[in-house]
Amino acid sequence: QKEVEQNSGPLSVPEGAIASLNCTYSDRGSQSFFWYRQYSGKSPELIMSIYSNGDKEDGRFTAQLNKASQYVSLLIRDSQPSDSATYLCAARYTGTASKLTFGTGTRLQVTL
Amino acid sequence: NAGVTQTPKFQVLKTGQSMTLQCAQDMNHNSMYWYRQDPGMGLRLIYYSASEGTTDKGEVPNGYNVSRLNKREFSLRLESAAPSQTSVYFCASSDRLIGPNQPQHFGDGTRLSIL
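Respectively, the protein sequence lines represent chains P and F. Using this note's numbering, you'd call the opening residue of the first sequence number 1491 and step up by one each time. Using this note's numbering, you'd call the opening residue of the second sequence number 5 and step up by one each time.
The following block contains the structure:
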């Protein structure tokens, strides 16, 4: 069974610090990875996507992918209280008709 | 700029009642998905439709049926609701024909309680 694993947290970081969120996946036959942010009571919102090994930066967010080690991470620089949310990692596996497998999410708390 | 629209937003049912959750997208996407989200369980795929005219089971299809009415609309039906189906239901869509790496876009969800 294809799985995506995340630490449920909460991960607590002070305002202005770097938050590091990690995700591992079980199947090497994966094509692409997505990070979604979900505020309490709201729907998932796409933050970043990454398909190739290495880093991908978008503003304060950096996604990192290491296919050999089967992990994906999301770094949030200069964390703000508004970043407090649950972050969902998702993987798309080859031949799955664009289906995504989601992790259970990591809850991030940015403290003042 | 509607994106993915789900109705209703909230619903309370009694055990054994039936209902249909509606989902429509205006992004001309080919693929649509239904998920449920329970505390500590993450998003679990119920059914999906890779393209108009096709539907397939996901991870947790028991107790549900779906209809891909046309390219825009994908409905989820509970024939005989059970308390275990109390959850938040999300519909999503993606345009996989552009390429395999297209993300899924989510609706606002339907909060369903079954007494």
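For each residue, glycine too, the CB sits at the ideal point set by N, CA and C.
message: Going by DSSP in three states, serine 1572 (chain P) sits in which element: helix, strand or coil?
response: helix
query: chain P beta carbons: is any one of them nearer than 8 Å to that of glutamine 108 (chain F)?
result: yes
message: Can you tell me where the beta strand (DSSP E) holding valine 1600 (chain P) begins and where it ends?
response: 1596–1601
query: Any idea what DSSP makes of glutamine 1656 (chain P), helix, strand or coil?
result: Nothing about residue 1656 (chain P) can be read from this structure; chain P reaches only from 1491 to 1602.
query: Roughly how many angstroms lie between the CA atoms of glutamate 1493 (chain P) and asparagine 1556 (chain P), to the nearest whole one?
result: 16 Å
- prompt: Helix or strand or just coil, what does DSSP make of serine 1539 (chain P)?
  reply: strand
- prompt: Within 10 angstroms of its Cβ, does arginine 72 (chain F) collect 16 or more other Cβ (buried), or is it exposed?
  reply: buried
query: Does the distance from the C-beta atom of threonine 1596 (chain P) to that of leucine 1501 (chain P) stay below 8 Å?
result: yes
- prompt: Does glutamine 1521 (chain P) come within less than 8 Å of chain F when only Cβ atoms are used?
  reply: yes
Amino acids of chain P, ordered along the chain, whose beta-carbon sits closer than 8 Å to that of aspartate 112 (chain F): Lys1532, Ser1533
query: For valine 1503 (chain P), which option in P:Asp1573, P:Tyr1526, P:Lys1589 has the closest C-alpha, if you only look at C-alpha atoms?
result: P:Asp1573
message: Counting only C-beta atoms, is asparagine 105 (chain F) closer than 8 Å to chain P at any point?
response: yes
field: Beta bridge counterpart(s) of serine 1522 (chain P) as assigned by DSSP
entry: P:Arg1582
field: Validate contact between the segment 1540–1560 of chain P and the segment 1509–1524 of chain P using beta carbons, cut 8 Å, 3 pairs
entry: yes
query: Going along chain P in order, which residues have a C-beta closer than 7 Å to the C-beta of aspartate 116 (chain F)?
result: The displayed chain sequence assigns leucine, not aspartate, to residue 116 (chain F). What leucine 116 (chain F) touches in chain P: nothing, since even the nearest Cβ is about 14 Å away.
task: Have a look at aspartate 30 (chain F) and glycine 7 (chain F) and give me their C-alpha separation to the nearest angstrom.
output: 6 Å
- request: Just tell me which of F:Thr90, F:Lys61, F:Gln26 has its CA closest to the CA of leucine 119 (chain F).
  value: F:Thr90
field: Beta bridge counterpart(s) of asparagine 69 (chain F) as assigned by DSSP
entry: F:Arg81
message: Rounded to whole angstroms, what is the Cα-Cα separation between arginine 1567 (chain P) and leucine 116 (chain F)?
response: 37 Å
message: Going by C-alpha to C-alpha distance, which of F:Met23, F:Ala28, F:Gly44, F:Thr19 sits closest to aspartate 112 (chain F)?
response: F:Ala28
8 Å Cβ cutoff, serine 1588 (chain P) in contact with chain F: yes
Distance between beta carbons of glycine 1593 (chain P) and glutamine 1528 (chain P), contact taken as under 8 Å: The Cβ separation is near 12 Å, so there is no contact.
- prompt: Ordered along the chain, which non-local residues of its own chain (more than five positions away) have a Cβ less than 6 Å from that of phenylalanine 14 (chain F)?
  reply: Arg115
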